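**Student:** I'd like to ask some things about the structure below.
In full-length UniProt numbering, the protein residues as written are 1 to 533.
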């Protein structure tokens, strides 16, 4: 998410959080570095001091031992000798204890170097060489060999003591140099730490300045103007001044100033539209009032016309009812005529059917006669053949020839009779065909009559139905006219109520215009403070 897209709370939290984190880091690093430096320096000082103290104790013990040895050699009283002996022993014990402490320090201290070990070894070696010499001189002094003791002191003890003292002085000098070097190192570390802290602080200041600048810039982009100026602009709008906000068009997109500018534009448009609508409502309500008055007059005239129409519809209803009754009677008569015509048509149909059956039977008789003629013809041929065969047979076939002649005569007579019957049947068939055609024509005519009667019957039924429907429709129209009359009366009352409502609407529109007049919707005269850039 981009920093400019974050909320103001998030930006401030992030900015101060980064600063607090930087401060915490600086504090933690400072405390840690100072603690480490302090611990290191403290440890070094303590360890060096402990070693120097041990060396000084060795020197003190050796010096005390040397002085006590000198005193022991010089005194002669037994009590002084015994006291000197004890003092020498005490000094040696002190020296041995200091040597033990120095050896422990060398083994345990963390800052011991090889050079430290060499110096300490030189001191210990010198002390080890010094101790038996001192012990031998003490024994000589106790043995009353003072001259030899003094000689050994001058010849052996003093050089060894000088060597021991020089070794100790060199180590102490080295320790002082090391302390000075440690101090310089600590100062260098302090300077380095201080420089790091200064750099971190400068970086923190730079980051704080950058974050502060980013936050200020982001806040200004979010606000678009100083808060005091925004307060003045909002107060102007709250007081009803909807003139254009200066700088709103050039303010960053999404800023408070840009949003206030858009709000001012929307409010200006809204108030202008409301004012225009209120004026239109006043004009429309005035026109509605005038229209209602005209509508009231027309409604009264329409009510009078509806009363006259209602009377005319009652007369028309009576007339249509009478026509419907007559049509119903005509329909009954047409139905009766249709039934009679249907019966006549049925009779003619049966006659036509009978004539067709007769014609069919005549045709069958003609066919039978034709068969008879064929039989007679074949019989004649057979009789002729029989006569020929009888002639061939001679006497034996004479009787057969007579029979064949008779058969031939009978066949000829049958053929003549069949021909005459055929002719009569043909004439009958012709007449039957003519009668059948006439009967067909009569049947067709009767069917046309029946169809015509049916058509008349259907027409009368339709007329009756139409008359009934017309009577019903006119009755409904009459009821509708009555309802329209009642509705017209109600409309007249509604027109009066509408006129009163329109007058009330006009008054409310005037009140709305008076309320809108409190807003200044002029485009000129910007009085707000110019936007800061």
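A virtual CB, placed ideally from N, CA and C, is assigned to each residue, including glycine.
Everything numeric in this text was worked out from a predicted model, so none of it was measured.
Thinking residue 407 and residue 390 are a contact (beta carbons under 8 Å), I'd like their distance in whole angstroms, please.
**Tutor:** The Cβ separation is near 12 Å, so there is no contact.
**Student:** Could you tell me the alpha carbon to alpha carbon distance between residue 190 and residue 151, rounded to whole angstroms?
**Tutor:** Each residue's Cα considered, the two are about 57 Å apart.
**Student:** Taking the alpha-carbon of residue 238 as reference, which of 263, 123 and 319 has the nearest alpha-carbon?
**Tutor:** The shortest C-alpha separation from residue 238 is found at 263.
**Student:** Using 8 Å as the threshold, is the C-beta distance between residue 69 and residue 138 below it?
**Tutor:** Against a cut-off of 8 Å, the Cβ pair of residue 138 and residue 69 comes out as a contact.
**Student:** With C-beta atoms as the reference, is residue 126 less than 8 Å away from residue 163?
**Tutor:** For residue 126 and residue 163, yes; Cβs fall inside 8 Å.
**Student:** Rounded to a whole number of angstroms, what is the C-alpha to C-alpha distance between residue 529 and residue 236?
**Tutor:** Note that residue 529 scores a pLDDT of 36, beneath 50, so its modelled location is shaky; the value from the coordinates is reported in the next line. So the two alpha carbons sit approximately 11 Å from each other.
**Student:** With residue 121 as the anchor, note down where its alpha helix (DSSP H) starts and where it stops.
**Tutor:** First-last of the alpha helix (DSSP H) with residue 121: 114-142.
**Student:** Sorted by chain position, which residues of the same chain lie with C-beta nearer than 7 Å to residue 98's C-beta, five sequence neighbours on each side aside?
**Tutor:** 54, 57, 58 and 61.
**Student:** Is it right to say residue 166 is buried, meaning 16 or more other beta carbons lie within 10 angstroms of its own, or is it exposed?
**Tutor:** Exposed, by the Cβ-count rule.
**Student:** Do the stretch 505-512 and the stretch 275-292 touch if we need at least three Cβ pairs shorter than 8 Å?
**Tutor:** Contact between the stretch 505-512 and the stretch 275-292 is present, because at least three Cβ pairs lie under 8 Å.
**Student:** If you draw a straight line from the alpha carbon of residue 421 to that of residue 331, how long is it in whole angstroms?
**Tutor:** Going from the Cα of residue 421 to the Cα of residue 331 covers about 56 Å.
**Student:** Answer yes or no: do residue 449 and residue 363 have a C-beta to C-beta separation smaller than 8 Å?
**Tutor:** Cβ atoms of residue 449 and residue 363: not closer than 8 Å.
**Student:** May I ask whether a heavy atom of the ligand MG can be found less than 7 Å away from the beta carbon of residue 357?
**Tutor:** Within the structure as shown, the ligand MG is missing, as the structure has no ligands at all.
**Student:** Between 181, 474, 347 and 431, which has its C-alpha nearest residue 318's C-alpha?
**Tutor:** Ranking 181, 474, 347 and 431 by Cα distance to residue 318 puts 474 first.
**Student:** Nearest-angstrom Cα distance between residue 155 and residue 32?
**Tutor:** Residue 155 and residue 32: Cα-Cα distance of roughly 58 Å.
**Student:** Among 132, 218, 336 and 118, which one has its Cα closest to the Cα of residue 174?
**Tutor:** Here the closest residue by C-alpha is 118.
**Student:** Between residue 291 and residue 489, what straight-line distance do the alpha-carbon atoms span, to the nearest angstrom?
**Tutor:** In a straight line, the C-alpha of residue 291 is about 17 Å away from that of residue 489.
**Student:** With contact counted as at least three CB pairs below 8 Å, one residue from each stretch, are the stretch 372-386 and the stretch 344-360 in contact?
**Tutor:** Contact fails: fewer than three Cβ-Cβ distances are below 8 Å.
**Student:** Specify, as a first and last residue, the run of the alpha helix (DSSP H) that residue 155 falls within.
**Tutor:** Element bounds for residue 155: n/a, residue is neither H nor E.
**Student:** Do residue 307 and residue 485 come within 8 Å of each other at the CB atom, strictly closer than that value?
**Tutor:** Their beta carbons are under 8 Å apart, which means residue 485 touches residue 307 by this criterion.
**Student:** Please report the distance separating the alpha-carbon of residue 133 from that of residue 114.
**Tutor:** The straight-line gap from Cα to Cα measures roughly 29 Å.
**Student:** Apart from the five residues on each side of it in sequence, which residues of its chain come closer than 6 Å, Cβ to Cβ, to residue 499?
**Tutor:** Excluding residues within five positions, the ones whose Cβ falls inside 6 Å are 289 and 292.
**Student:** Should the stretch 397-416 be regarded as contacting the stretch 435-447, the criterion being three or more beta carbon pairs within less than 8 Å?
**Tutor:** No contact exists between the stretch 397-416 and the stretch 435-447.
**Student:** Could you check if residue 457 is buried or exposed, using at least 16 other CB atoms within 10 Å of its CB as the buried criterion?
**Tutor:** So residue 457 counts as buried.
**Student:** Taking C-alpha atoms, which residue in 321, 425 and 346 lies nearest to residue 361?
**Tutor:** Considering only alpha carbons, the answer is 425.
**Student:** In the structure shown, what three-state DSSP assignment does residue 86 receive?
**Tutor:** The answer is helix: DSSP assigns residue 86 an H, G or I state.
**Student:** Using beta-carbon positions only, say whether residue 300 and residue 492 come within less than 8 Å of one another.
**Tutor:** Closer than 8 Å, so yes.
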